[in-house]
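Chains as they are written, first to last, in my numbering: chain A, 1 to 189; chain B, 190 to 378.
Set out below in structure tokens:
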């Protein structure tokens with residue numbers, strides 16, 4: 001057993017919880033917790049509904065990426081398409097919605113790859129990762145105020161960006177490395 | 190050129206910035222920005238000093254991991270050792286400090302691997318990733334209130350956890366896949 005979530009010697013118990021900020025995007029909570037040794041501590045964290053990332057593959061094997069300005073970092077990042085899960089929405093439905101909204105493509109074949117937690121120290125966010133194949137272009141439907149550029153590149157090209165530090169977005173790095181590992185496993189088989 | 194940070198067609202310009210929450214851990218800002226089409230929008234994000242992650246390798250090739258309870262997710266995660274950069278601290282100095290504090294090991298050989306941004310949508314955090322080799326045990330110095338269990342496992346074993354969804358922490362997944370890719374590159378050479 002690699003991880004027992006019931007481990008009482010490591011567990012923290014919530015004693016009190018309050019909303020300290022409720023913005024348009026961020027919902028911040030502050031809880032008082034009891035530590036395993038009986039002492040108290042404060043935990044501050046973002047409550048997030050979860051998100052999806054899509055790795056769309058064109059018939060020629062190239063992947064679809066986006067360039068988007070990310071304000072916290074004051075620069076453009078290369079990313080796989082991604083988006084937040086709406087209340088009550090199924091993760092795969094989010095993935096289908098975000099793919100067509102942001103890139104203009106629908107996909108006939110979808111596969112779940114993995115789930116990752118981007119920042120376990122202070123966010124409840126999880127990201128479900130999918131591949132999307134058999135794409136058909138139907139036209140993008142970007143929301144007003146969304147500025148996203150879509151472009152295609154091969155996995156090898158994108159791994160070159162990763163090796164040179166030109167792709168640093170965690171979810172995108174992870175997706176590329178999972179695809180590379182899958183491809184390597186296929187070559188070994 | 191894969192990413193031009195000056196892309197004016199994607200750039201958002203800050204008009205106004207305010208602190209909306211300053212806690213013990215989290216510092217939340219809300220900025221008003223001008224979008225490329227001239228309209229205005231709100232951006233809320235966490236200001237973070239940055240962090241490091243260490244992939245410590247024992248003489249027998251096994252890696253050191255930690256089990257730690259992560260309150261936002263109400264469960265224990267398997268992770269590589271990591272920690273926040275103190276004000277004015279060099280990232281490698283943080284890595285050396287965190288490794289001995291959390292695991293009790295010092296390392297004679299360090300190598301920078303990559304930098305990743307865990308959550309570009311709402312945090313300025315970056316994580317610098319290092320390998321640590323030629324370890325010597327000198328005894329852990331956990332801070333009061335820190336409850337961390339250290340254990341060793343092979344890369345193959347840890348990749349098995351990743352494949353089975355038992356390791357979902359983004360930084361740890363990424364580190365394992367970067368090591369696997371390095372190992373695969375060595376086997377091909």
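The beta-carbon is built from N, C-alpha and C at its ideal position, and this holds for glycine as well.
Taking the alpha-carbon of residue 196(B) as reference, which of 67(A), 105(A), 159(A), 23(A) has the nearest alpha-carbon? Residue nearest to residue 196(B) within the set 67(A), 105(A), 159(A), 23(A) is 67(A) (criterion: CA-CA distance).
Tell me whether residue 1(A) is buried or exposed, calling it buried when 16 or more other Cβ atoms sit within 10 Å of its Cβ. Only weak support is given to the placement of residue 1(A): the predicted model assigns it a pLDDT of 45, under 50, and the value that follows is read from those uncertain coordinates. Classification for residue 1(A): exposed.
Curious, which full-length beta strand (DSSP E) runs of at least 3 residues does the segment 12-67 of chain A contain? 13-22, 27-34, 40-46, 51-56
What in chain A is Cβ-close to residue 362(B), meaning under 7 Å? 116, 174
I want to verify the contact list: residues of chain A whose CB lies under 8 Å from the CB of residue 230(B), in sequence order. 145
List, in chain order, every chain B residue whose beta-carbon is nearer than 7 Å to that of residue 120(A). Within 7 Å of the CB of residue 120(A), the CB atoms of chain B belong to 259, 261, 262, 266, 358, in sequence order along the chain.
Opposing strand residues paired with residue 322(B) [DSSP bridges]: Beta-bridge pairing links residue 322(B) to 298(B).
Backbone secondary structure at residue 329(B) - three-state DSSP: coil
Pair every Cβ in the segment 142-154 of chain A with every Cβ in the segment 291-305 of chain B, then say whether three or more of these pairs are closer than 8 Å. Here the segment 142-154 of chain A does not lie against the segment 291-305 of chain B, with fewer than 3 beta-carbon pairs under 8 Å apart.
If you draw a straight line from the C-alpha of residue 169(A) to the C-alpha of residue 79(A), how long is it? 7 Å
DSSP three-state assignment for residue 117(A), whether helix, strand or coil: strand
Assuming residue 91(A) is part of the beta strand (DSSP E), what are its boundary residues? Residue 91(A) -> not in any beta strand (DSSP E); alpha helix (DSSP H) instead, spanning 91-103.
Taking Cβ-Cβ distances shorter than 7 Å, what residues in chain B pair up with residue 123(A)? 261, 308
Range of the contiguous alpha helix (DSSP H) that encloses residue 355(B): From DSSP, residue 355(B) is part of no alpha helix (DSSP H); its letter is neither H nor E.
How many Å lie between residue 181(A) and residue 131(A) at the Cα? 14 Å
Can you check whether the CB of residue 119(A) is closer than 8 Å to the CB of residue 312(B)? yes
Distance, Cα to Cα, residue 179(A) vs residue 155(A)? 8 Å
For the structure I just gave you, are there three or more beta carbon pairs, one from the segment 34-51 of chain A and one from the segment 7-17 of chain A, closer than 8 Å? yes
Closer than 9 Å at the beta carbon, the chain A residues around residue 227(B): Within chain A, no residue comes near residue 227(B); the closest Cβ sits about 11 Å away, beyond 9 Å.
Span separating the alpha-carbon of residue 232(B) from that of residue 305(B): 21 Å
Assuming residue 113(A) and residue 85(A) are in contact, meaning their beta carbons sit under 8 Å apart, how far apart are those beta carbons, in whole angstroms? A Cβ-Cβ distance of about 16 Å is found for the pair residue 113(A) and residue 85(A), leaving them out of contact under the 8 Å criterion.
Any beta-carbon of chain B closer than 8 Å to the one on residue 101(A)? Not an interface residue.
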